[in-house]
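Student: Protein chains in written order, with this note's numbering: chain A, 63 to 401; chain B, 63 to 401.
Input: one structure, supplied below.
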DNA sequence: AAACTATGAGAAAACGTTTTCTGAATTAGG
DNA sequence: CCTAATTCAGAAAACGTTTTCTCATAGTTT
């Protein structure tokens, strides 16, 4: 059959021609902006329907100077935390008719700035979640990314809103919970060294040390994945700790699994805490005691900040801090009596 | 300070002016397309650098007639399966310099067609994952979405590539596995009735029934979430089945958790199988026996099909079927001897 | 040395919209 | 009944690029 013909996409011009009116009128009808003769409106509408006219978004964006799209940069799409954030942003933005372009830096922090820049050029704004990017680079990039909302990261610049989690407080709450249960020897399985949120946890633990000089606390290098936790069994056991603060739920689950394989009972012999309260933290055996981070809300808030930036920009940019909430579950229990 | 000034974004015109050349030359230099006098090139480059020129992607897209972006429509961003698919597409597309716009229909199937249409208008193509959309609607929508790649769904139209999973075979493999373990009374906890993949499973089980007339198989209505599984404990126990085929891993995990609360031992008293092999299926206690769906690969393949569609379109559109792979793990075991 | 061919820079058209501006018609007011 | 104000359709400019086309210049060839 004829395949070459009618190949060109139908544009506003075709509709105008068919309806016997001008481009301007078609545009007006389609956007319902100005009053236009009902007769013309009807003609345009039917012409558009007959031709199955779909307005071209790119042309529209160019004329309007906006894309109704924001970019979200995340370090790793496989990580439940960032998935949750993305989902929160996406749903909230959709409510206001905005779409989300994703940029997954695949944990390659050198890519982050490039991706963020590219996203910004295609979108009206960027939500940046780049825990590993160093401060100087971020500072330099900042102006060219605006409107920008930072997640899990703050900056000297007061103009850009940021949503951060009080990891320091959260880890102190978890440690206090363990102490309360009678644990006196703790270990912290730390995350990626350069990660901002890892630093925050370390600072929190420093404070904890000052407040609880009698408690022994060892810091172990680890990572942020299930595998990192799974591989840390030996070093954890080496410390003799009865309470382990894992960097996050993923690590805790890995550790849990590793200890299980060794026949070590959790929480009877060792108590474990996670961080984040990812959806599955509740479903491990035993369920994970953790510090819950309202990650969906954070994503939603990130959008709200962005919307403010895109709109009038009325109020001051806000710098919200979210307090993690302790969830006591089965993975922590009373310390075993020193035999 | 001066804030109103220098407000306008710097465009190609500014660069041309500063370098003392024409727009055309700037464009040529920026894209490195044609040979251009080294002296001019240098002038342009330094001008661009001084002004910190960032080419406007929308203008570029309009001129080029392409956005280097594809849309991905998923029913639920909270579902690990779709997360995996999205990630696969996103990473593969990024390799080829493409970006992904996400459209989360939040399980509202009436939104799917609208979202898909909107995504298409903003992008060069659409990867559609809409298990609930009815056949007629899909068929009607098809032409306006092209280039289109269907995931987990096929259509009469041979032109649009599709990536499907052989759920029928997978569920038969799982059932056979249970039979092999000595189970004679099975239950299938079905998913959303209208879901295409649920239908495929039911068909597979019909075949299984024919092949194994001696096995008793009850179909129970359920859902696709953890909660659905968790809430099905009673109806499952009511069937007296010793082997349960859950719609997917999420449902299986919910069921597992519910049975655990009731003090029912898995797999000693009841064996459970999932479907998909989501990342956490391996980390439950006991780990889930399941039919592994290579969801990341599917996403990657979806991109490859899309790339073909966007490119020369050389070969025939392919309709790939992925075979789930049985993963024997701890949640299934020998049937208890009838006392 | 003259004519012809590369080479490459600039002017202008194109992409598909929205919106300002212009001008004609219609209505209201004096 | 005529002028002024108002409404609304169409022409044209604008958004920011890329690319075709035109033309001048420099380089080759006879």
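For each residue, glycine too, the CB sits at the ideal point set by N, CA and C.
For residue 329 (chain A), does the count of other Cβ atoms within 10 angstroms reach 16, so buried, or fall short, so exposed?
Tutor: By the 10 Å Cβ count, residue 329 (chain A) comes out buried.
Student: Which residues does DSSP list as the beta-bridge partners of residue 278 (chain A)?
Tutor: Bridge partners of residue 278 (chain A): A:247.
Student: Can you tell me where the beta strand (DSSP E) with residue 171 (chain A) in it begins and where it stops?
Tutor: Careful: residue 171 (chain A) lies outside any beta strand (DSSP E), inside the alpha helix (DSSP H) at 171-184.
Student: Using the DSSP secondary-structure output, state which residues sit across from residue 307 (chain A) in a beta bridge.
Tutor: BP columns for residue 307 (chain A) point to A:250 and A:335.
Student: Pull the bridge partners of residue 387 (chain B) from the DSSP assignment, please.
Tutor: According to DSSP, which records beta bridges pairwise, residue 387 (chain B) is partnered with B:354.
Student: Rounded C-beta distance between residue 193 (chain A) and residue 340 (chain A)? I'm assuming under 8 Å.
Tutor: Actually they do not touch by this definition, with Cβ atoms about 16 Å apart.
Student: Can you tell me whether DSSP reads residue 208 (chain A) as helix, strand or coil?
Tutor: Looking at residue 208 (chain A) - three-state DSSP - the assignment turns out to be coil, as it is neither helix nor strand.
Student: Quick one: Cα of residue 157 (chain B) to Cα of residue 146 (chain A), how far?
Tutor: For residue 157 (chain B) and residue 146 (chain A), the distance between alpha carbons rounds to 24 Å.
Student: DSSP three-state call for residue 301 (chain B): helix, strand or coil?
Tutor: Three-state result, residue 301 (chain B): helix.
Student: Quick one: what does DSSP say residue 360 (chain B) is sitting in, helix, strand or coil?
Tutor: Helix.
Student: Alpha carbons only, please: which of B:153, B:173 and B:106 is nearest the one belonging to residue 359 (chain B)?
Tutor: Nearest option by C-alpha distance: B:153.
Student: Taking beta-carbon pairs under 8 Å, can you tell me which members of the region 158-179 of chain A lie near chain B?
Tutor: Listed by position, the residues of the region 158-179 of chain A near chain B (Cβ gap below 8 Å) are 161, 162, 163, 164, 165, 166, 168 and 179.
Student: What does residue 124 (chain A) touch in chain B if you count any residue whose Cβ is under 7 Å from its own?
Tutor: 120, 121 and 124, listed in chain order.
Student: Rounded C-beta distance between residue 165 (chain A) and residue 135 (chain A)? I'm assuming under 8 Å.
Tutor: With 8 Å as the limit, residue 165 (chain A) and residue 135 (chain A) qualify as a contact, their Cβ atoms being about 5 Å apart.
Student: In angstroms, rounded to a whole number, what distance separates the CA positions of residue 350 (chain B) and residue 365 (chain A)?
Tutor: Near 37 Å, if we compare the C-alpha coordinates of residue 365 (chain A) and residue 350 (chain B).
Student: What is the residue span of the beta strand (DSSP E) that residue 133 (chain A) lies within?
Tutor: Its beta strand (DSSP E) spans residues 131-136.
Student: Does the region 379-388 of chain B come close enough to the region 316-332 of chain B to have 3 or more Cβ pairs within less than 8 Å?
Tutor: Result no; under three Cβ-Cβ pairs closer than 8 Å.
Student: Cβ of residue 149 (chain A) less than 9 Å from any chain B Cβ?
Tutor: Chain B contact via Cβ: present.
Student: Tell me the DSSP secondary structure of residue 74 (chain A) in three-state form.
Tutor: Here residue 74 (chain A) sits in helix by DSSP.
Student: Is residue 170 (chain A) closer than 9 Å to residue 178 (chain A) when the C-beta atoms are compared?
Tutor: Taking 9 Å as the Cβ cut-off, residue 178 (chain A) and residue 170 (chain A) do not qualify as a contacting pair.
Student: Could you check the C-alpha separation between residue 201 (chain A) and residue 396 (chain A) for me, to the nearest Å?
Tutor: Those two C-alpha atoms are separated by around 46 Å.
Student: Taking DSSP's pairing of strands, which residues face residue 165 (chain B) in a bridge?
Tutor: Paired residue(s): B:135.
Student: For residue 288 (chain A), decide whether its Cβ has a neighbour in chain B, counting only Cβ atoms nearer than 9 Å.
Tutor: Chain B, which has a Cβ nearer than 9 Å to the Cβ of residue 288 (chain A), makes this yes.
Student: Just mark residue 288 (chain A) as buried or exposed, buried being the case when its beta carbon has 16 or more other beta carbons within 10 Å.
Tutor: Its Cβ being crowded by 16 or more others within 10 Å, residue 288 (chain A) is buried.
Student: Tell me, please, which residues DSSP counts as bridged to residue 213 (chain A).
Tutor: For residue 213 (chain A), which the question treats as bridged, DSSP gives the partners A:225.
Student: Nearest to residue 390 (chain A) by CA position, among A:371, A:283, A:243 and A:133, is which residue?
Tutor: Of the listed residues, the one whose Cα sits closest to residue 390 (chain A) is A:243.
Student: Considering Cα atoms alone, identify which of A:161, A:231 and A:277 is closest to residue 261 (chain A).
Tutor: Looking at the Cα atoms, A:231 is the closest of the given residues.
Student: For residue 284 (chain A), does the three-state DSSP call read helix, strand or coil?
Tutor: In the structure shown, residue 284 (chain A) sits in coil (DSSP, three-state: anything other than H, G, I, E or B).
Student: According to DSSP, which residues form a beta bridge with residue 190 (chain A)?
Tutor: The partner list for residue 190 (chain A) (beta bridge, DSSP) reads A:135 and A:212.
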